[in-house]
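There are 2 protein chains.
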Amino acid sequence: MRKKKPAGADAKLSRAAAQRLSQYLRCLAVVGPTASSADLARSVGVSDAQVRRDLGALGHLGQRGVGYDVTALAAALRKTLGIDRPWRAVLAGVGNLARALLRYRGFRQHGFEIVGLFDADPAKIGTTVDGLTVEPIGRLAARATDLRVELGVITVPADAAQEVADQFSAAGIVGILNFAPVLLRTPAGVVAVTVDLTVQFEQLAFLVTRREPTAPELRPSARGGLEGRRSR
Amino acid sequence: MRKKKPAGADAKLSRAAAQRLSQYLRCLAVVGPTASSADLARSVGVSDAQVRRDLGALGHLGQRGVGYDVTALAAALRKTLGIDRPWRAVLAGVGNLARALLRYRGFRQHGFEIVGLFDADPAKIGTTVDGLTVEPIGRLAARATDLRVELGVITVPADAAQEVADQFSAAGIVGILNFAPVLLRTPAGVVAVTVDLTVQFEQLAFLVTRREPTAPELRPSARGGLEGRRSR
DNA sequence: CGTTGTGAACTCATTCACAGCT
DNA sequence: AGCTGTGAATGAGTTCACAACG
C-alpha cells in the first residue's frame, strides 16, 4: 500500500545497508581491476549473497562470470551515498575530539570540508586551529549562510548539544553529526547521526562478557576461518 | 536446534539491543525515582513496546501500574552490559583521537580505565599524556600481563591496525575497540568493535541526500510530533 | 486506573539456491 | 566454467493488542 516497488536504479536502502556500502567503497581501493562479490564479502565480513543483494539494488553493475568493475562500482557507490560532490561543514565545540576530527586526514580527502569553527568559551574564540579561527557560537546563524554549509558537527558537552542543534537547524543546516550522548530533536528536514562513544565502549564490555567460549564464524569482525560453512 | 530458549534472566541479546540498553542506562540518570516504558521510549527515540521487550528480557524489573524502579533498573542494566565492574584497558597509537579519548571525562567514571599507552613512533615514546608514559609498542606483550588489562583501544592508522590487533590478541587481550577503518581479523575468544568515523560521515551525507521532503516521525532521531500514529 | 509482560502478527533483512548471462 | 541477479524460503526484530496485576 505504501509503494509497490520503485524498481528503478535505487529503491530504498536501510541505514545498515548504507553503512555496508561505505565499507564496500573503502575496500575497493585495495583490490584489482574487478572484484567479485566473494572478494568484497571477505573484506567487509558479510556473506557474498549480502554483497550481491546490496549492489544489485544500485543497478546492473556486475558482469556475470567476471565480477564488478572497480572503477564503475566506486562511482556508483559514491553517487548513491551522496559523496559524489563535496560537502561543507562547520564544527561546534573545539575540544580534543574536534581537533582529532580536524586532523583526521581523509575527511577532506573524502569530500568533507570543515570551513568554520565555533565555541562558546571566550578563551577559545579567536584562536586558530588547523588554519581556522574559532568564532563565537552566536555568530553561527549569520556565518552559516555566507559559508554555505550544509552539515554541522557537534562536539560540545551533552548538556549543550540540543541547543547547538537548534542553532544549526535555524541556520539552515540539514545534517548533523552528533558526538554528544543525547538524542537530538530536530525539525523535519534536518537529519542527525549520533555517534556515542560510551555506547561503543559498553558494547565491547557486553560482547566480552558474553562471548562464546569458541565461536569461529559467529562475529563478522571476528571470523577465524572461512572453510565450508554448511553441509548443504 | 541451537538452543531452545534459555528463558532465565537473560536469553540472548542482539548487538542492537545491547546498544539500546546502554542508551536506557544513560537516560535513567535524568528522570525521577521510577520511569515508565513510555518515558524511556521518549528519551531514547524508540517505541514503548520496544522498551518493554528489551527490559522484559532482563527479568521482572517493572511494577505494573507504576513503572521501573530507576535504581534497580540501572543496576540490572549495568550487570547485563558487563559494566558492573571496572575494566582495564591499554591504548595503542597516541594521536589526537587518543588524546580526545583519554580526556573524555566519563570513561573512568563509567568504569573504563586506561592504564597504558603504546606507540611505534620513537618521538612519542617517553612522553607523558594524562599522567601516563608512552611505551614502545613492542613492550605490549610484556606489560599487558603486569597491567592485567583485558581491553585494548586501537587508534593507529589503518595499515597498522591489524598488526596491533595481533599483538593485542597475543598479549591476552580479549576485547578490542578499533577506530581504524578496517575489518580486524581476531582469533576466537577475542571480540572487536569497530567505530569507523568515515562511515558515519558518509551515512550523514546519504541521509541528507535522500531525506524525505517532510517526514515527521520517520527517523527516530528526528521525530517531530508524537500524535496518534495509526487509525486502529 | 495505569503500566507491565508477552503471545501473535507483521515487517524488514538475510540467506538459499539456481536460472541466466558472459 | 564462473559469477551475477533475484524469486522464494527463512530468520530476526518490531509492533500490536490485551490479559494480568499492583
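Here the protein sequences line up with chains A and B, keeping their order.
Counting in my numbering, the first sequence runs from 65 upward without gaps.
Counting in my numbering, the second sequence runs from 65 upward without gaps.
Glycine included, C-beta positions come from ideal geometry on N, C-alpha and C.
Note that the structure is a prediction, hence the values are computed from the model and not measured.
In this model, A/ALA187 and A/GLY159 are separated by some 12 Å (Cα to Cα). The stretch 176-196 of chain A and the stretch 167-176 of chain B do not touch, with fewer than 3 CB-CB distances between them shorter than 8 Å.
With a contact defined as Cβ atoms closer than 8 Å, B/LEU89 and B/ALA153 miss out at about 19 Å. Between A/SER100 and chain B, the shortest Cβ-Cβ separation is not below 8 Å. Interface flag for B/VAL257 against chain A is set, since a Cβ pair is found closer than 8 Å. Bridge partners of A/VAL193 according to DSSP: A/LEU196. For A/ARG152, the three-state secondary structure derived from DSSP is strand.
Take the alpha-carbon of B/ARG203 and the one of B/ALA225: they are about 17 Å apart.
Against chain B, the beta carbon of A/LEU268 has neighbours under 8 Å at LEU215, GLY239, ILE240, LEU241, VAL255 and VAL257, listed in chain order. Annotated as proximal: B/PHE243 and B/VAL259, with beta-carbon spacing under 8 Å. Along the length of the stretch 173-246 of chain B, whole beta strand (DSSP E) runs at least 3 residues long occupy 176-183, 196-200, 215-218 and 239-242, reported in chain order.
Interface with chain B (8 Å Cβ-Cβ cutoff): A/ALA208 is excluded. In the assembly as shown, B/ASP194 is an exposed residue. Its beta-carbon has fewer than 16 other beta-carbons within 10 Å. Excluding sequence positions up to five before and after B/ALA81, its CB lies within less than 7 Å of the CB of ASP118, all in the same chain and listed in chain order. Put simply, the CB of B/ILE178 is far from chain A, with every gap to its CB atoms at 8 Å or more. Rounded to the nearest angstrom, the gap between the Cα atoms of A/VAL134 and B/LEU268 is 24 Å. Straight-line spacing of the CA atoms in B/ARG84 and B/VAL108 works out to 8 Å.
Here A/GLY126 has LEU119 and TYR132 as same chain residues with Cβ atoms under 7 Å from its own Cβ, once five neighbours each way along the sequence are excluded. Annotated three-state conformation of A/TYR168 is coil, per DSSP.
Going by DSSP, B/ASP103 is part of the alpha helix (DSSP H) stretching over 101-108. Taking a contact as a CB-CB distance under 8 Å, the pair A/LEU248 and A/ALA235 does not count as one, their CB atoms being some 15 Å apart. From the beta-carbon of A/TYR168, the residues of chain B found nearer than 8 Å are ASN160, LEU161 and LEU261. With fewer than 16 other CB atoms across the displayed protein chains lying within 10 angstroms of its CB, A/ASP223 is exposed. Excluding sequence positions up to five before and after B/VAL198, its CB lies within less than 6 Å of the CB of VAL158, LEU181, ASP183, LYS188, ILE189 and THR191, all in the same chain and listed in chain order. For the stretch 133-156 of chain B, the set of residues with a beta-carbon nearer than 7 Å to any beta-carbon of chain A comprises LEU145, GLY146, ILE147 and TRP151, in chain order.
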